[in-house]
Amino acid sequence: MAKDAIAVLTSGGDAPGMNAAVRAVVRSGINKGFNVLGIKRGYRGLLKKDFVEMDLRSVTNILSLGGTILYTARSKEFQTPEGIQHAAQNCMDMGVKGVVVIGGDGSFRGARDLSERGIPCVGVPGTIDNDIACCDYTIGYDTCLNTIMDMVDRIRDTSESHDRCAVIEVMGRRAGYLALNAGIACGATSILIPEVEVDIEKHVIERMRKTQRTDKKHFIIIVAEGCGVDVHELAKHIQAETGVESRATVLGHTQRGGYPTVKDRVMATRMGNYAVKLLMNNIGNRVVAAQKEDVVDYDIFEALNMTKTIDMNLYNIAHEVSI
Ligand code: F6P
335 MAKDAIAVLT SGGDAPGMNA AVRAVVRSGI NKGFNVLGIK RGYRGLLKKD
385 FVEMDLRSVT NILSLGGTIL YTARSKEFQT PEGIQHAAQN CMDMGVKGVV
435 VIGGDGSFRG ARDLSERGIP CVGVPGTIDN DIACCDYTIG YDTCLNTIMD
485 MVDRIRDTSE SHDRCAVIEV MGRRAGYLAL NAGIACGATS ILIPEVEVDI
535 EKHVIERMRK TQRTDKKHFI IIVAEGCGVD VHELAKHIQA ETGVESRATV
585 LGHTQRGGYP TVKDRVMATR MGNYAVKLLM NNIGNRVVAA QKEDVVDYDI
635 FEALNMTKTI DMNLYNIAHE VSI
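See below:
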């Protein structure tokens, strides 16, 4: 008798550690007696029936790789009722009894829709933004933070040498977790995040003037992308208001690449393994979540309706000490 199959896909923006999760799903799935199929380019590949047989060796040496060997995409077609139905039918045609979806919120909405059409799906949180409400941490976040820290440290060397202000935009489409924690790790004078109403005069200019009076001559301002602030314009404004020569840097997609940290590899492995165990027990429509040191799971509907708030205490500490 043919073995049951499960499938795995990565969707949305790639994140370091996604490969570690793919590896864990493939190896754990095979261990539990499944055939494991990889789906290339997320839901777009699912619609095109772009399945590939995975075996134990197909995931050799990917643990340390950034990006995703399954490729990723954002599919508009999949978001239509016809698209979802078509995708569910493709799973049935391939004998797929469950799908592990590695991605962010948008990907989980797809997993919910597929689950509703009879294909049990389990979401594994993979996004550098760390913006999934039911999770303390998402795969890729730790690596991304370390990458930002490394790059801001380099920028600090040059801006300190020139007595300049470095205005640095970091990723985070809707959330300020990357900006806040990188800002703390890099000693930013000011951190602008979408969760706190942006007030350039109060949060940037006044703070800089205050520290200038203590003879501080170089500054780092971290701006989350989700604030919608143009860092080049902000740099000009700072220079005009404070007299400190300023330069803007958008870190951009350099933040998404690179080999994953220990934390991302370990957590991705644990979460991938956990997802397979859920599917093995015929449990779908769940999101795997990291909370403190534990791996737990939530109903997808519930997870998508939760809200995540920024730790204002952390925000206050950040500004209290960078003076
Ligand atoms: O969601 C992850 C993320 O890297 C965001 O921080 C960023 O806004 C977005 O993806 C960029 O997406 P793209 O690679 O499609 O430009």
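So the sequence shown is numbered by my numbering: it starts at 335 and just counts up by one.
Think of the CB as a built atom: it goes at the ideal place given N, C-alpha and C, for glycine as much as any other residue.
- Message: Let me confirm a value: Gly-379 is counted as buried when at least 16 other C-beta atoms fall within 10 Å, else exposed. Which label applies?
- Response: Classification for Gly-379: buried.
- Message: Can you give me the C-alpha to C-alpha distance between Ala-358 and Ala-513, rounded to a whole angstrom?
- Response: Rounded to the nearest angstrom, the gap between the Cα atoms of Ala-358 and Ala-513 is 30 Å.
- Message: Does Gln-419 pass the burial test, meaning 16 or more other C-beta atoms within 10 Å, or should it be called exposed?
- Response: Here Gln-419 is exposed: its Cβ has fewer than 16 other Cβ atoms, across all protein chains shown, within 10 Å.
- Message: Can you tell me whether Arg-581 is helix, strand or coil according to DSSP?
- Response: If DSSP states are grouped into helix, strand and coil, Arg-581 belongs with the strands.
- Message: At a cut-off of 7 Å, would you count Glu-529 as near the ligand F6P, judging by its Cβ distance to the nearest heavy atom?
- Response: Taking the Cβ of Glu-529 as the reference point, every heavy atom of the ligand F6P lies at 7 Å or farther away.
- Item | Complete runs of the alpha helix (DSSP H) confined to the segment 508-560 [at least 4 residues] | Correct list: 511-520, 540-546.
- Between Gly-400 and Tyr-593, which are expected to be in contact by the criterion C-beta below 8 Å, what is the C-beta distance as a whole number of angstroms? Right, the Cβ-Cβ distance comes to about 6 Å (below 8 Å), so this counts as a contact.
- Cutoff 8 Å: Lys-570 Cβ touching any chain C Cβ: Checking the listed chains, one finds no chain C in this structure; it contains a single protein chain.
- For the segment 639-655 and the segment 482-500, state whether three or more C-beta atom pairs, one from each stretch, are separated by less than 8 Å. The segment 639-655, when compared against the segment 482-500, does not touch it at the 8 Å Cβ threshold.
- Message: So Asp-631 and Arg-620 are supposed to be a Cβ contact under 8 Å. How far apart are they, rounded?
- Response: 4 Å between Cβ atoms; contact.
- Item | Collapsed DSSP secondary structure at Arg-620 in the structure displayed | Strand at Arg-620.
- Counting along the chain, where does the beta strand (DSSP E) carrying Glu-387 start and finish? Counting along the chain, Glu-387 sits inside the beta strand (DSSP E) bounded by residues 385-388.
- Item | Residue environment, Met-605, which counts as buried when at least 16 other CB atoms sit within 10 Å | Met-605 comes out buried.
- Item | For Leu-371: DSSP bridge partner residues | Here Leu-371 is bridged, per DSSP, to Ala-341, Glu-387.
- For Ala-377, the three-state DSSP class (helix, strand or coil): In the sequence as displayed, the identity of residue 377 is Tyr instead of Ala. Correct three-state label for Tyr-377: helix.
- With burial defined as no fewer than 16 other Cβ atoms inside 10 Å of the residue's Cβ, what is the status of Arg-490: buried or exposed? Looking at its Cβ environment, which holds 16 or more other Cβ atoms inside 10 Å, Arg-490 is buried.
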